[in-house]
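Trainee: Before anything else, here's the structure in question.
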Amino acid sequence: MFAFTFLRTMLYFFICDDCLFYTGSQGDDNLQAMLVGAMMRKIKSRNWKKQRYFKLEDDFMTIWYQSKKTGNIRSTFSVNDVEAVREGHQSEVLLSIADEFPPDRCFTLVFRGRRGNLDLVAESAEEAQSWIWGMRKLIENVENMGEREKLDQWIGEWFKKADKNNDGRMNFKEVQDLLKMMNVDMNEHHAHHLFTMADKSQSGTLENDEFVLFYKMLTQREDVLKVFQEYSVDGQKLSQSNLEDFLREEQLEGDDIQLHAKQLIECYEPSDKAKRMNAMTFDGFLMYLGSAEGSIFNPQRRGIFQDMTQPLCHYFISSSHNTYLMEDQLRGQSSVEGYIRALSRGCRCVEVDCWDGANGEPIVYHGHTFTSKILFKDVVSAVGNYAFKVSQYPVILSIENHCSVEQQRVMAHHLNHILGDRLLKTILDGKALIRLPSPEDLKGKILVKAKKDGGLEQSLSGMVEDSLNGEVSDEDEAAEIDEDHPHHENESVTFLMSVSGAEFVHHNSRQLSRVYPSGFRTDSSNFNPQEMWNAGCQIVALNFQTAGEGMDVNDGLFSQNGCCGYVLKPSFMREADTRFDPEMPQTRDHYHPVVLTIQGCGGAGAVLLSQRDSTPSTGLQSITEAIKHAHSDTYRRSPVTLCLWVESKMQDKVSVCRLAVVHLLHIFQ
141 MFAFTFLRTM LYFFICDDCL FYTGSQGDDN LQAMLVGAMM RKIKSRNWKK
191 QRYFKLEDDF MTIWYQSKKT GNIRSTFSVN DVEAVREGHQ SEVLLSIADE
241 FPPDRCFTLV FRGRRGNLDL VAESAEEAQS WIWGMRKLIE NVENMGEREK
291 LDQWIGEWFK KADKNNDGRM NFKEVQDLLK MMNVDMNEHH AHHLFTMADK
341 SQSGTLENDE FVLFYKMLTQ REDVLKVFQE YSVDGQKLSQ SNLEDFLREE
391 QLEGDDIQLH AKQLIECYEP SDKAKRMNAM TFDGFLMYLG SAEGSIFNPQ
441 RRGIFQDMTQ PLCHYFISSS HNTYLMEDQL RGQSSVEGYI RALSRGCRCV
491 EVDCWDGANG EPIVYHGHTF TSKILFKDVV SAVGNYAFKV SQYPVILSIE
541 NHCSVEQQRV MAHHLNHILG DRLLKTILDG KALIRLPSPE DLKGKILVKA
591 KKDGGLEQSL SGMVEDSLNG EVSDEDEAAE IDEDHPHHEN ESVTFLMSVS
641 GAEFVHHNSR QLSRVYPSGF RTDSSNFNPQ EMWNAGCQIV ALNFQTAGEG
691 MDVNDGLFSQ NGCCGYVLKP SFMREADTRF DPEMPQTRDH YHPVVLTIQG
741 CGGAGAVLLS QRDSTPSTGL QSITEAIKHA HSDTYRRSPV TLCLWVESKM
791 QDKVSVCRLA VVHLLHIFQ
């Protein structure tokens, strides 16, 4: 299969008046109100409340705002950067001013990535509703854009970033700045050569169509063009028959290829002339390869496809460590936003470190550090509001309880009062458990996992917990990290795997184990979760607030099965008589190692997976090493070109990791 991900290739540029996105927005009263603009309060804290004028630009993609003092100086952000809109007092900042402004005038814009949220107070409830529903409409429009509109919008944003003087043209200095923003390392002579070639009007600046030409020259891919020409009779286009050959030989498609080829031409070919000929140009070919249909990920695995009726211990569970932290674990900010973001990413196990607080209210923070503090009841409210927005499968509250008995009663009250029937308080159906319940049994339920009262012997070093019915078993006691006696990260797990790996895997076929980063990682960094999954550990908790290889691998694993936060472990890790040893996998019957070859190509974010060149890129070797096994149904294979190369057939469909590299591909699209 041919998988293609790189800096978006340009076909057409600006969003025009006849664009579906634009005309679809004109008749909306809320959007019309946003076009007029409104004066609102921007809130950063109880003591920082400033008036700002907010307005939607005519492109329906940009919001700008300014203060009276700064005059013509404007700040802007793209609708594409906004992930969600929250009504009312749903942030700590807005909660802090709840006595001043009613909830029907307050809302929060949540941005993607690590950018802070924008808390706003409108002058009236009606005005707030116009902006809330208007923003939601704009976000929906972005999500429903076709491939052409997405490219138009993406390039339009780059052009605006580079066009500093807003004259609708780009001089060479602005082009150089653009290349730096796009992480394109190009010497000045070559950049000027491309600029001159694109400047057909010889005006010394690039206008609309000239910028398109410049961008196409910048992102020209000879390797992709070569494959295109191999299937094209005239080197200019693929007939429907040529495209069918490509789909059959490269994409390994076998069903209804004729119909699918026709649909691809209709969907991705920008040229009406080519469409009338039932043909696809190179531009259409690039458009298709950059789309979800051209992705390495098998679309049939995007939904929930696994058996969800097996006991909890048979699943890998997406888990967060120090969920309340937004930064490092010494001085970082604690926030309910950490829980909202983790749950919105499909996380099913969040951590809550509870301590005695003032006025009889328990607080959550990283004990004995300078991290800020938040109320336990606010955390529970956030979990209650967001637990099942992305996934209906159970959420586990991993509570580290340092509270007095009096404040533990307050904790119990908040859990019962806020979560109500969603909180699992009794054995299911009143029957004694023979085995752990399944995710299906626990749909819509919130479980509390906590340690038993009193100190626990540290038989496994303080890095692993075993859970059955919410407690640590006497036979397999394990404590979380002792604040006074910290241990080196994962020593116990690594030791167990090296001397009794098979026994540990067998243990994890019956009970839950939780692994989390060492307390020595004061920067909230992560370890590679793959090794823990190899031992069958289900709850491998990572710092969701820290981007990097660990979270990339984690996101890759949980991007399948509907992003529901539960992924079924391979059968050899679930069997009651399993003897699989992660340190000696070759001792297992039907052992077939898998070789994954990744070739990194030029450009910021360009990734190709190739059998034609079997030398891995050094920049991606760490990912390659992390992936030991693959699942041939989840990631489609190819005997030739640019995708996942499996050296030998996988008769047993080994799937310890299930190819975390899928996230590596998606983040570059």
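Numbering-wise, our numbering comes out as the position in the sequence shown, counting from 1, plus 140. Cβ atoms here follow ideal geometry from the backbone N, Cα and C, with glycine treated the same way.
Does DSSP classify Asn648 as helix, strand or coil?
Mentor: Taking the sequence shown and counting its residues from 1, one reaches residue 648 at position 508. Correct three-state label for Asn648: helix.
Trainee: Do Lys402 and Gln376 have their CB atoms nearer than 8 Å?
Mentor: Taking the sequence shown and counting its residues from 1, the one referred to as residue 402 is at position 262. Taking the sequence shown and counting its residues from 1, the one referred to as residue 376 is at position 236. Result no, Cβ atoms of Lys402 and Gln376 do not sit closer than 8 Å.
Trainee: By DSSP, does Val735 sit in helix, in strand, or in coil?
Mentor: Stepping through the sequence shown from its first residue, residue 735 is reached at position 595. If DSSP states are grouped into helix, strand and coil, Val735 belongs with coil.
Trainee: Is it true that the segment 554-573 meets the segment 431-444, where meeting means three or more beta-carbon pairs spaced less than 8 Å apart?
Mentor: no
Trainee: I'd like the list of long-range same chain contacts for Gln360, defined as Cβ closer than 7 Å, with 5 residues on each side in sequence excluded.
Mentor: Residue 360 sits at position 220 when you count from the first residue of the sequence shown. There are no such residues.
Trainee: Here's the rule I'm using: 16 or more other beta-carbon atoms within 10 Å means buried, otherwise exposed. How should Ser538 be labelled?
Mentor: The count along the sequence shown starts at 1 and reaches residue 538 at position 398. Ser538 comes out buried.
Trainee: Between which two residues does the beta strand (DSSP E) harbouring Cys494 extend?
Mentor: One-based indexing of the sequence shown puts residue 494 at position 354. Segment Cys489 to Trp495, the beta strand (DSSP E) holding Cys494.
Trainee: So what does DSSP say about Ser458, is it helix, strand or coil?
Mentor: Within the sequence shown, numbered from 1, the residue matching residue 458 stands at position 318. DSSP places Ser458 in strand when its eight states are reduced to three.
Trainee: Taking 8 Å as the threshold (C-beta atoms), are Ser521 and Gly486 in contact?
Mentor: Locating residue 486 in the sequence shown gives position 346, counting from the first residue. Locating residue 521 in the sequence shown gives position 381, counting from the first residue. Not closer than 8 Å, so no.
Trainee: Identify, in the order they occur along the chain, each residue of the same chain with its Cβ nearer than 8 Å to the Cβ of Glu328, setting aside the five sequence neighbours on each side.
Mentor: On the sequence shown, residue 328 is found 188 positions in, with the first residue counted as 1. Correct list, in chain order: Gln316.
Trainee: Check Val352 in the structure and name its three-state DSSP category.
Mentor: For the purposes of this step, residue 352 is taken as residue 212 along the sequence shown, with counting starting at 1. Residue state, collapsed to three classes: helix.
Trainee: Identify the continuous beta strand (DSSP E) that holds Met326 and give its terminal residues.
Mentor: Position 186 of the sequence shown, counting from 1, holds the residue named residue 326. Looking at the DSSP string, Met326 is not in any beta strand (DSSP E), and its letter there is neither H nor E.
Trainee: Are there 16 or more other CB atoms within 10 angstroms of the CB of Val352, so buried, or fewer, so exposed?
Mentor: Walking along the sequence shown from the start, residue 352 turns up at place 212. Val352 should be labelled buried.
Trainee: Taking the alpha-carbon positions, what's the Asp447 to Gly676 distance?
Mentor: For the purposes of this step, residue 447 is identified with residue 307 of the sequence shown, where counting begins at 1. For the purposes of this step, residue 676 is identified with residue 536 of the sequence shown, where counting begins at 1. Answer to the nearest angstrom: the Cα atoms are 18 Å apart.
Trainee: Which residues mark the beginning and the end of the alpha helix (DSSP H) in which Arg549 is found?
Mentor: In the sequence shown, residue 549 corresponds to position 409, counting from 1. Per DSSP, Arg549 belongs to the alpha helix (DSSP H) from Val545 to Leu559.
Trainee: Looking only at its own chain, which residues have a Cβ that is under 7 Å from the Cβ of Ala262, when we skip the five neighbours before and after it?
Mentor: One-based indexing of the sequence shown puts residue 262 at position 122. Taken in chain order, the residues that qualify are Ala178, Met180, Arg245, Ala268 and Trp271.
Trainee: Let me see if you follow: with CB-CB separation under 8 Å, is Ser664 close to chain C or not?
Mentor: In the structure shown, chain C does not exist; there is a single protein chain.
Trainee: Which same chain residues, not among the five before or five after Ala482, have their C-beta less than 8 Å away from its C-beta?
Mentor: Working through the sequence shown from its first residue, we reach residue 482 at position 342. Hits under 8 Å: Ser460, Thr463, Val490 and Phe684.
Trainee: With distances taken between CB atoms, is the gap from Tyr371 to Asp385 smaller than 8 Å?
Mentor: The residue you call residue 371 lines up with position 231 of the sequence shown. The residue you call residue 385 lines up with position 245 of the sequence shown. Yes, the Cβ-Cβ distance between Tyr371 and Asp385 is below 8 Å.
Trainee: In the DSSP output, what is Gly259 paired with across the bridge?
Mentor: Here residue 259 corresponds to residue number 119 of the sequence shown, with the count starting at 1. According to the sequence provided, residue 259 is Asp. The question's Gly does not apply to it. Looking at the DSSP assignment, Asp259 forms a beta bridge with Ile183 and Thr248.
Trainee: Please report the residue range of the beta strand (DSSP E) in which Tyr193 lies.
Mentor: Sequence index remark: in the sequence shown, residue 193 carries index 53 (1-based). Trp188 to Leu196 is the span of the beta strand (DSSP E), which, as asked, contains Tyr193.
Trainee: Exposed or buried, Ile567, counting other C-beta atoms within 10 Å across all chains shown (16 or more means buried)?
Mentor: Here residue 567 refers to the residue found at position 427 of the sequence shown. Its Cβ having fewer than 16 others within 10 Å, Ile567 is exposed.
Trainee: Within 10 angstroms of its Cβ, does Lys190 collect 16 or more other Cβ (buried), or is it exposed?
Mentor: Working through the sequence shown from its first residue, we reach residue 190 at position 50. With fewer than 16 other Cβ atoms within 10 Å, it is exposed.
Trainee: Within the same chain, show all residues whose beta-carbon is closer than 6 Å to that of Thr511, passing over the 5 residues directly before and after it, in chain order.
Mentor: Position 371 of the sequence shown holds residue 511. Gly472, Ser474 and Tyr505, listed in sequence order.
Trainee: Could you check whether Leu383 and Leu358 sit closer than 8 Å to each other, using their CB atoms as the reference points?
Mentor: Residue 358 sits at position 218 when you count from the first residue of the sequence shown. Residue 383 sits at position 243 when you count from the first residue of the sequence shown. It is not a contact, given that the beta carbons lie outside the stated cut-off.
Trainee: Where does the unbroken alpha helix (DSSP H) through Lys277 begin, and where does it stop?
Mentor: As a first step, residue 277 must be located in the sequence shown, where it is residue number 137. First-last of the alpha helix (DSSP H) with Lys277: Ala265 to Glu283.
Trainee: Ordered along the chain, which non-local residues of its own chain (more than five positions away) have a Cβ less than 7 Å from that of Asp496?
Mentor: Sequence index remark: in the sequence shown, residue 496 carries index 356 (1-based). Correct list, in chain order: Pro502, Cys543, Ser544 and Gln547.
Trainee: Consult DSSP for Ala527 and reduce its assignment to one of helix, strand or coil.
Mentor: The count along the sequence shown starts at 1 and reaches residue 527 at position 387. It is coil, neither helix nor strand.
Trainee: Please name the residue in His730, Phe194, Pro579 and Arg416 whose C-alpha comes closest to that of Gly705.
Mentor: On the sequence shown, position 565 is the one that residue 705 refers to. Of His730, Phe194, Pro579 and Arg416, the residue nearest in Cα terms is Pro579.
Trainee: Pick out whichever of Ile457, Gly500, Gly696 and Val176 has its Cα sitting closest to the Cα of Ala681.
Mentor: Mapped onto the sequence shown, residue 681 falls at position 541. Nearest of Ile457, Gly500, Gly696 and Val176 to Ala681, Cα basis: Ile457.
Trainee: On the DSSP bridge assignment, give the partners of Asn541 in chain order.
Mentor: For this step, residue 541 is matched to residue 401 along the sequence shown. Answer by DSSP bridge pairing, in chain order: Cys494.
Trainee: Using DSSP with H/G/I as helix, E/B as strand and the rest coil, what is Gln445?
Mentor: Numbered from 1 along the sequence shown, position 305 holds the residue referred to as residue 445. The sequence given here places Phe at residue 445; Gln does not occur at that position. The answer is coil: DSSP assigns Phe445 none of H, G, I, E or B.
Trainee: Identify whether Phe422 lies in helix, strand or coil by the three-state DSSP scheme.
Mentor: Taking the first residue of the sequence shown as position 1, residue 422 is located at position 282. The answer is helix: DSSP assigns Phe422 an H, G or I state.
Trainee: Straight-line CA distance for Lys290 to Glu643?
Mentor: Within the sequence shown, the letter at position 150 stands for residue 290. Within the sequence shown, the letter at position 503 stands for residue 643. Cα to Cα, the separation comes out at about 51 Å.
Trainee: From Glu679 to Gly507, what does the alpha carbon distance come to, in whole angstroms?
Mentor: Here residue 679 corresponds to residue number 539 of the sequence shown, with the count starting at 1. Here residue 507 corresponds to residue number 367 of the sequence shown, with the count starting at 1. Position check: residue 679 holds Ile in this sequence, whereas Glu was assumed. If I take the Cα positions, the gap works out to 22 Å.
Trainee: Going by Cα to Cα distance, which pick from Asp374, Tyr205 and Val222 is closest to Arg214?
Mentor: The count along the sequence shown starts at 1 and reaches residue 214 at position 74. Of the candidates Asp374, Tyr205 and Val222, the one whose C-alpha sits nearest the C-alpha of Arg214 is Tyr205.
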